[in-house]
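Protein sequence lines, in the order shown, are assigned to chains A and B. Our numbering applies: residue -10 is where the first sequence begins, and numbers increase by one. Our numbering applies: residue 802 is where the second sequence begins, and numbers increase by one. Read the structure below first, then the notes.
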Amino acid sequence: MITVYLDGQPLVMGEGLTVAAMLTLSESSIARLSCTGQPRAPFCGMGICQECRVTIDGRRQLACQTLCQEGMHVERTV
Amino acid sequence: MSLQARTAAADVVIVGAGIMGAMCAYELASRGLSILVIDNGTGGATGAGMGHLVVMDDNPAELALSRYSIALWNTLRKRLPEACAYRNCGTLWLAANDEECGLAEAKQARLVEYGAQSEWISASALRQLEPMLRPDLAGALKVFDDGILYAPATARWLLHQQDGRITVQEGDVTRVEGNRLCLSEGGWLTAPAILLANGLGAFRLLPDVPLRPKKGHLLITDRYPACINHQLVELGYAASAHADDGTSVAFNVQPRPTGQLLIGSSRQFDTLDKRVEFDVLGRMLMRAQDYLPGLGELNAIRGWTGFRVATPDGLPLLGQHPDQPGLWLALGHEGLGVTTASGSARLIAAQLLGEAPPFDPAPFRTERFVGVASHTPGAAA
Ligand SMILES: Cc1cc2nc3c(=O)[nH]c(=O)nc-3n(C[C@H](O)[C@H](O)[C@H](O)COP(=O)(O)OP(=O)(O)OC[C@H]3O[C@@H](n4cnc5c(N)ncnc54)[C@H](O)[C@@H]3O)c2cc1C
Ligand code: FES
């Protein structure tokens, strides 16, 4: 099991999950808000649609293309 | 010219609903004319470009047109809705060394002649204004009236103004002959005046007109807290923009109101391949990172290409076709057509209605490259 921090809250999960999967397991799968404030969640799951942009350890990355790591900090982009 | 032809589809039929066609429709309808705009929906440079409203001074004609156009945008900008994303951010022309400081000085002198205000920003002031830039730049020339605009939304907005005198119709124009045109579904339309503002689409309708495509790449980042405040362009940009052949890149970055950075620019001749070319994109981004070392930390979300339409002398064709009465051209705006749409439309309207031209129309006359006269030696000099 590993611990990942989502918006500062610890989440304990098995290894091998993407950050997008972790979002789905959390209480809300929202990754970010659009320019007009609408909630957006992972959609294509394969790095194309760009809907799943989150900040991972300080850098903006695609949640669906990133595997969770022990101690990782994930922030939703709002 | 009589504007009362009985069977006419409208007083003026405009082919192309990009920024040029839309601005011409707006300008002509403001004088009470009825306008029909026909577009085939393929889209063009207006949706692909950068939308930087910028005074360019590579020659006096370009300077006169772009300066006049910026002044017109400045009268319009208060009315533009937020969707048009107008911002008066100004341009910083960046000088990397002493030689480019000289270029900045010469530029400032040319601009002031045409009433465009600019100010020299010292190296230390530049570091304060734009801390994301690499620290060893020699300074910058700030041009105050320049701005940015989201051109496709602006074109849409323009087409909805003027109390219903503008009608937009979907249709593919397959032929033009003087003041009549043929639609792909068959049937001819006649009007007192037909105006071609269909960008790249003019290649097909007027194959004799010497227009060349110049491909450009752009890339946009994700949204971040604002890190740049002006449109940033390297002073070497003009040299790159006007290089006659080969592929060139230059540093040109725009802060979007959303917090995204729009990164340009590249130029390639004589290809109509829309695909993003990673070697060109890579060169462009290396150039951008050279000026903005922190760029590599940002996430890019999309890259795309578009085509500028260039005449042999880089100036647009604005006026009536010399051999086809009733056929008017607003073509060949190259990489400056969003900026110059306002001034170009004003000139077209003045010529069409016999008003005094707002600036010297001679450098833009169609006879340079169109019609029989253009084929006699020296005609395009
Ligand atoms: C990469 C790039 C960056 C640029 N950056 C800037 C910038 O920063 N500032 C600036 O001022 N300019 C810039 N430009 C240039 C500017 O975008 C263009 O000059 C301008 O958009 C041209 O507008 P237009 O209306 O003439 O043509 P287009 O936008 O190409 O519109 C032509 C329209 O005609 C329609 N059409 C074509 N053929 C037919 C037909 N046969 N029948 C019916 N409809 C037809 C098309 O669907 C299209 O909507 C840039 C261009 C590019 C490519
Ligand atoms: S879900 Fe589409 S890019 Fe990640």
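Idealized CB from N, CA, C, for every residue including glycine.
Where does residue i sit, in a helix, a strand or coil, going by DSSP?
i, result
"G1083/B", "helix"
"G1017/B", "strand"
"D1091/B", "helix"
"S23/A", "coil"
"E986/B", "coil"
"V855/B", "coil"
"A1051/B", "strand"
"Q970/B", "strand"
"V1139/B", "helix"
"P1162/B", "coil"
"A1157/B", "coil"
"I1064/B", "strand"
"G(-3)/A", "coil"
"I820/B", "helix"
"Q909/B", "helix"
"Q1183/B", "Here chain B has residues from 802 to 1182 only, and residue 1183/B is not among them."
"V1173/B", "helix"
"F1070/B", "strand"
"A846/B", "helix"
"G1002/B", "helix"
"G1111/B", "The sequence as given places Ala at residue 1111/B; Gly does not occur at that position. Reduced to three states, the DSSP call for A1111/B is strand."
"L56/A", "strand"
Could you work out which residues of chain D lie near residue i, taking near to mean beta carbons separated by less than 8 angstroms?
i, result
"L1099/B", "Here the protein chains are A and B, and chain D is not one of them."
What residues match up with residue i in a beta bridge as DSSP calls it?
i, result
"E1035/B", "L895/B"
"M2/A", "I(-9)/A"
"K943/B", "L893/B and E920/B"
"T44/A", "R49/A and E64/A"
"D840/B", "E971/B"
"W1129/B", "L996/B and Q1121/B"
"T1022/B", "A1101/B"
"I815/B", "V838/B and L996/B"
"P932/B", "Per DSSP, none; premise fails for P932/B."
"P1056/B", "L1062/B"
"R888/B", "I949/B"
"P1011/B", "According to DSSP, P1011/B bridges with nothing at all."
"P28/A", "L22/A"
"L829/B", "Per DSSP, none; premise fails for L829/B."
"R981/B", "E978/B and T991/B"
"T7/A", "L56/A"
"Y1167/B", "Checking the sequence shown, residue 1167/B turns out to be Thr, not Tyr. DSSP output for T1167/B lists no bridge partner at all."
"T1106/B", "H1018/B"
Consider the Cβ of residue i: report whether some Cβ of chain A lies at a distance smaller than 8 angstroms.
i, result
"T1059/B", "yes"
"I1102/B", "yes"
"A1181/B", "Low local confidence applies: a pLDDT of 45 at A1181/B is under 50, so the model's placement there is unreliable, with the coordinate-based value given in what follows. Cβ-Cβ to chain A under 8 angstroms: no for A1181/B."
How about residue i: is its C-beta nearer than 8 angstroms to some C-beta of chain B?
i, result
"D(-4)/A", "no"
**Request:** Select from the stretch 34 to 59 of chain A all residues with a C-beta closer than 7 angstroms to any C-beta belonging to chain B, and list them in chain order.
**Result:** Q39, R42, R48, R49 and Q50
**Item:** Contact set between the stretch 812 to 828 of chain B and chain A, restricted to residues whose Cβ is under 7 angstroms from the partner
**Value:** Answer set for the stretch 812 to 828 of chain B: empty.
**contact_flag[the stretch 1160 to 1179 of chain B, the stretch 1003 to 1018 of chain B] where n(CB pairs < 8 angstroms) is 3 or more** = yes
**Contact list for the stretch 1014 to 1026 of chain B against chain A, Cβ threshold 9 angstroms** = For the stretch 1014 to 1026 of chain B, which is checked against every Cβ of chain A, the residues closer than 9 angstroms are T1022, D1023, R1024 and Y1025.
**Prompt:** When the Cβ atoms of the stretch 1051 to 1071 of chain B are set against those of the stretch 1014 to 1021 of chain B, are three or more pairs found closer than 8 angstroms?
**Reply:** yes
**Asked** With a cut-off of 8 angstroms, do at least 3 Cβ pairs link the stretch 1052 to 1067 of chain B to the stretch 1021 to 1034 of chain B?
**Response** yes
**Request:** Mind the definition here: the stretch 1046 to 1057 of chain B touches the stretch 912 to 932 of chain B only if three or more C-beta pairs lie below 8 angstroms; say whether that holds.
**Result:** no
**Request:** Mind the definition here: the stretch 952 to 966 of chain B touches the stretch 34 to 43 of chain A only if three or more C-beta pairs lie below 8 angstroms; say whether that holds.
**Result:** no
**Item:** Cβ pair count under 8 angstroms reaching 3, the stretch 1153 to 1163 of chain B against the stretch 843 to 856 of chain B
**Value:** no
**Prompt:** Is the number of C-beta pairs between the stretch 981 to 998 of chain B and the stretch 811 to 824 of chain B that are closer than 8 angstroms three or more?
**Reply:** yes
**Prompt:** If we count Cβ pairs, one from each stretch, closer than 8 angstroms, do we get three or more for the stretch 910 to 917 of chain B versus the stretch 866 to 875 of chain B?
**Reply:** yes
**Asked** Does the count of Cβ pairs from the stretch 829 to 843 of chain B and the stretch 955 to 975 of chain B closer than 8 angstroms reach three?
**Response** Touching, per the Cβ criterion.
**Asked** Between the stretch 1116 to 1130 of chain B and the stretch 838 to 845 of chain B, do three or more beta carbon pairs fall short of 8 angstroms?
**Response** No, the stretch 1116 to 1130 of chain B does not touch the stretch 838 to 845 of chain B.
**Asked** Using 8 angstroms as the threshold, is the stretch 1096 to 1104 of chain B in touch with the stretch 1031 to 1040 of chain B, meaning 3 or more CB pairs across them?
**Response** no
**Asked** Is it true that the stretch 2 to 11 of chain A meets the stretch 43 to 62 of chain A, where meeting means three or more beta-carbon pairs spaced less than 8 angstroms apart?
**Response** yes
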